[in-house]
Structures are given as C-alpha cells and as structure tokens.
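Enquirer: Pasting in a structure now, in structure tokens, and then I'll have a few things to ask.
Numbering (the numbering used here), first residue to last: 847 to 1208.
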C-alpha cells in the first residue's frame, strides 16, 4: 500500500482506478481518460495533486538564496503572490527538478516541487540553505487541488470564502492570493485557465465534493498527462532530467543570464554548453501516418537519430503527437520507428493546443 492523500476515499468512492505513482496511491482515471480530457478542454476538471510537495522558505536572505539555487531569477518577483517557473540545476547544468516558486514576503517564498523528486529535492535544498540561514519547512498537512478548464475559475471561486473569492477572481496568470487557511494560484499544467488551490488536508474532501456537485469532472493522472503534452509542457524524468540541461530541453527561456554576476548553480556549465553549441533540441512531433507515438521510440532525421521523450494520442487533435529530443541539425521532417516500421512525422514548435484550440497546422 502506498501513501494516501487526504482525498483517497473520495477517489475510491468515485470509482477511481488507483495506481502507484511515486509511492502514492493515485487515480489514473475514473472510467474514461478521454472523457476527462475533454471535460477540461470544454468545461472544467479537477485533479488531486496533493502528492506534490509544498515547501515554505523563510529568512532574511531567502531571495538571495533562491537567486543562487534557481536558473530563473526570483529578483523579478516584487509583487506579493507573483509566481515563477524555474529549473533547479546541479553543478553540471542538469535538471534536478522543475518547480514553481511564489514570492509571499521579503522573508518568505513558497515552492511547489514534484512528487517523484521529493527526497532528492529536499536533500539538495537543505544542503544549499545553511550559508544563507534559510529555514526550509515542508508542509505535508496541506492538500492541493488543481481546477482547470474554461469554466474552472468561475466555479471554484464561488466555493471559496467571500474575501478570498474576490481576490481569486482578480488574479492575473501566475499570481496567487491567500487567507489564513487557503492559498489560490492562477497556475496549472493543462494549457487551460484555472486555479491550483493549496488548503488544509481536513478541508480538501468537502471542497472536492462541492466542486463535483457544481459539475466539475474528477480527472486522473492519465488525462493530466495528455493535457500537459498537448500544451507542450515538459514532464520531469521524461523530457528533462539530471543528464539534460534546460538548453536542450526546450527551457532556455527559463534561464536568466542577467545580471552577469548572479552565480546560480549550474551557470558555468550552461555557459560552456552555450559557447560550444547546444547539440540537441526538444521539439514537437506530429505523426503523419498511422500509429501512436510512445516514449523512447527512435526518431530518424537527416542530422542523426533522436528519441521520443513523451508521446501519446491527442484527444483534442485526433492525431498522435510527441515531444522528442533530436540533433540540433534536424530539419522539419523525420521518421519514427514504430514496431520496426519507419513512419513519417514532422516537427513543430510546441504547444500543440492552447485554450482548447489547435495552434499547429493539421
């Protein structure tokens, strides 16, 4: 038996098919992964993401600490509640994890990291923090519910305390609001608008049931994966890891080079890679023939072979799509080895879908 979130009984009651994910018992779907996917694109869906780790970082030098720890620059965060997506790198420029960090106050930032990387993340952060006198506090008593889709914000805000609801309705993307108990970020992992709500575990079941009664579809990990793939969002452990850098993972935009004196961990390795020329790139693939793109399939290009890092059938597009790491010299066309047959594909710039609509030529 794995670890269970505060919503485990709600998943079982709703008929969720439970699977092990990073040591947690989590729902993969509640009957139809495709129906759940379409619910998010067309109306609203909700995901239990309480297995992810909320970490509060406090101290007078916490901003300085995070400017050293992260490749993106929290120096840009000046408005309380403003969020930033970043990679956390090792000294070789590899990605330890990707995460979101929120500026709450001059001495307080909140970070949300991935479930599968919990142990190494907390160990790494804990080892880097002492020179900056930063207190690292994991918040395991908190649950997290992502409510996503074109109707998600309107429905979810109606179920919040009035003062918090007013703040939540006014949030810009990548901003958060909070009261004494709940924290609401206008963030997500689906390519749709919505909230990620961090709340006490004791409050989570009632909120989940209220969302369901308001017409929000419970969704599992399966739909979460196809939604994020359509949105062109990387999955840690598939599209990037400790052996790949942001520069070869489609995440160069998250690396802030200025000011030049900001010596973030991994900077020297990235500078050397950039100077030598980045030899691989992460691209989108659309399969032209029949078949389904899957992780680790070989991709044949004029510039050499590459590999599918994330692949699936896209319910929104009705096509097979993927993210793939290819040689930098690869052109617009390629072939994918599917069960020993080379099937034509073309490269595109992700995302594939934004706000429920295709953003690539089909």
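C-beta: ideal position from N, C-alpha, C; glycine also.
It should be emphasised that the depicted structure is a prediction, and the values quoted were computed from it without experimental measurement.
Taking the CB atoms as reference points, tell me whether residue 1140 and residue 919 lie closer together than 8 Å.
Expert: Result no, Cβ atoms of residue 1140 and residue 919 do not sit closer than 8 Å.
Enquirer: For residue 1005, which option in 948, 1159 and 1060 has the closest C-alpha, if you only look at C-alpha atoms?
Expert: The candidate whose alpha carbon is nearest that of residue 1005 is 1060.
Enquirer: When the cut-off is 8 Å and only beta carbons count, does residue 1107 lie next to chain B?
Expert: Any reference to chain B falls outside this structure, which holds one protein chain only.
Enquirer: With distances taken from CA atoms, which of 1181, 1154, 1202 and 1111 is nearest residue 942?
Expert: If we check each option's Cα against that of residue 942, 1111 comes out closest.
Enquirer: Rounding to the nearest angstrom, what Cα-Cα distance links residue 1192 and residue 1208 in this structure?
Expert: Their backbone Cα atoms lie some 11 Å apart in a straight line.
Enquirer: Cα separation between residue 904 and residue 986?
Expert: Spanning the two alpha carbons is a distance of roughly 17 Å.
Enquirer: Do residue 1031 and residue 1022 have their beta-carbon atoms positioned less than 8 Å apart in this structure?
Expert: In contact: residue 1022 and residue 1031 (Cβ atoms closer than 8 Å).
Enquirer: I'd like the ranges of any beta strand (DSSP E) spanning at least 3 consecutive residues and lying wholly in the segment 1088-1138.
Expert: Those beta strand (DSSP E) runs which fall completely within the segment 1088-1138 and span 3+ residues are 1126-1133.
Enquirer: Please return the same chain residues whose Cβ sits closer than 6 Å to the Cβ of residue 862, not counting the five positions on each side in sequence.
Expert: So the list reads 873 and 876, once near-sequence residues are dropped.
Enquirer: Out of 954, 1065, 1083 and 1118, state which residue places its alpha-carbon closest to the alpha-carbon of residue 879.
Expert: The shortest C-alpha separation from residue 879 is found at 1065.
Enquirer: Identify, in the order they occur along the chain, each residue of the same chain with its Cβ nearer than 6 Å to the Cβ of residue 1179, setting aside the five sequence neighbours on each side.
Expert: Answer for residue 1179: 1192, listed in chain order.
Enquirer: Taking C-beta to C-beta, are residue 992 and residue 1040 nearer than 8 Å?
Expert: Cβ atoms of residue 992 and residue 1040: closer than 8 Å.
Enquirer: Mapping DSSP to helix, strand and coil, what is residue 949?
Expert: Strand.
Enquirer: Taking the alpha-carbon of residue 1085 as reference, which of 1204, 847 and 944 has the nearest alpha-carbon?
Expert: Considering only alpha carbons, the answer is 944.
Enquirer: Among 949, 1134, 890 and 1127, which residue has its Cα nearest to the Cα of residue 1098?
Expert: Closest by alpha carbon: 1127.
Enquirer: Short of 6 Å in beta carbon distance, which residues of its chain neighbour residue 969, apart from the five on each side in sequence? Order them along the chain.
Expert: Excluding residues within five positions, none has a Cβ falling inside 6 Å.
Enquirer: Using only CA atoms, which one of 1058, 979, 916 and 1137 lies nearest to residue 1184?
Expert: It is 1137.
Enquirer: Excluding the 5 residues preceding and the 5 following residue 915 in the sequence, name in chain order all residues of the same chain whose CB lies nearer than 8 Å to its CB.
Expert: 934, 971, 974, 1110 and 1111.
Enquirer: Would you check if there are 3 or more beta carbon pairs closer than 8 Å linking the segment 1117-1132 to the segment 1164-1180?
Expert: Touching, yes, given that three or more Cβ pairs across the two stretches are closer than 8 Å.
Enquirer: Looking only at its own chain, which residues have a Cβ that is under 6 Å from the Cβ of residue 890, when we skip the five neighbours before and after it?
Expert: Hits under 6 Å: 995, 997, 998, 1001 and 1062.
Enquirer: Work out the CA separation of residue 1100 and residue 1042 for me, nearest whole Å.
Expert: Computed Cα separation, rounded: 21 Å.
Enquirer: Thinking just about the alpha-carbon of each residue, which of 930, 962, 937 and 960 is nearest to the one in residue 950?
Expert: Nearest C-alpha to residue 950: 930.
Enquirer: Between 1113, 1074, 1188 and 1120, which lies nearest to residue 1159 when the distance is taken from Cα to Cα?
Expert: Checked all of 1113, 1074, 1188 and 1120; the closest Cα to residue 1159 is 1074.
Enquirer: With H, G and I counted as helix, E and B as strand and the rest as coil, what does DSSP make of residue 1085?
Expert: In the structure shown, residue 1085 sits in coil (DSSP, three-state: anything other than H, G, I, E or B).
Enquirer: Per DSSP, residue 1046 is paired with what?
Expert: Answer is 988, bridged to residue 1046.
Enquirer: Please state the DSSP three-state secondary structure of residue 1195.
Expert: In this structure, residue 1195 counts as coil in the three-state DSSP scheme.
Enquirer: Can you grab the Cα-Cα spacing for the pair residue 912 / residue 1020, in whole Å?
Expert: Each residue's Cα considered, the two are about 18 Å apart.
Enquirer: Around the C-beta of residue 1142, are 16 or more other C-beta atoms found within 10 angstroms, so that it is buried, or is it exposed?
Expert: Result: exposed.
Enquirer: Enumerate in chain order the residues of its own chain whose CB-to-CB distance from residue 870 is below 6 Å, with the five nearest sequence positions on each side excluded.
Expert: Answer for residue 870: 848, 849 and 897, listed in chain order.
Enquirer: Short of 6 Å in beta carbon distance, which residues of its chain neighbour residue 967, apart from the five on each side in sequence? Order them along the chain.
Expert: Correct list, in chain order: 943 and 959.
Enquirer: Could you tell me the boundaries of the beta strand (DSSP E) in which residue 874 lies?
Expert: Element bounds for residue 874: 870-875.
Enquirer: Can you tell me whether residue 925 is buried or exposed, with buried defined as 16 or more other CB within 10 angstroms of its CB?
Expert: So residue 925 counts as exposed.
Enquirer: Specify the secondary structure class of residue 1035 as computed by DSSP and reduced to three states.
Expert: Correct three-state label for residue 1035: coil.
Enquirer: How many Å lie between residue 1149 and residue 1124 at the Cα?
Expert: Cα to Cα, residue 1149 sits roughly 14 Å from residue 1124.
Enquirer: Would DSSP call residue 1055 helix, strand or coil?
Expert: Residue 1055: helix per DSSP, three-state reduction.
Enquirer: To which residues of the same chain is residue 1199 closer than 8 Å at the C-beta, ignoring the five residues directly before and after it?
Expert: Same-chain partners within the cutoff: 887, 1037, 1076, 1077, 1160, 1162, 1163 and 1205.
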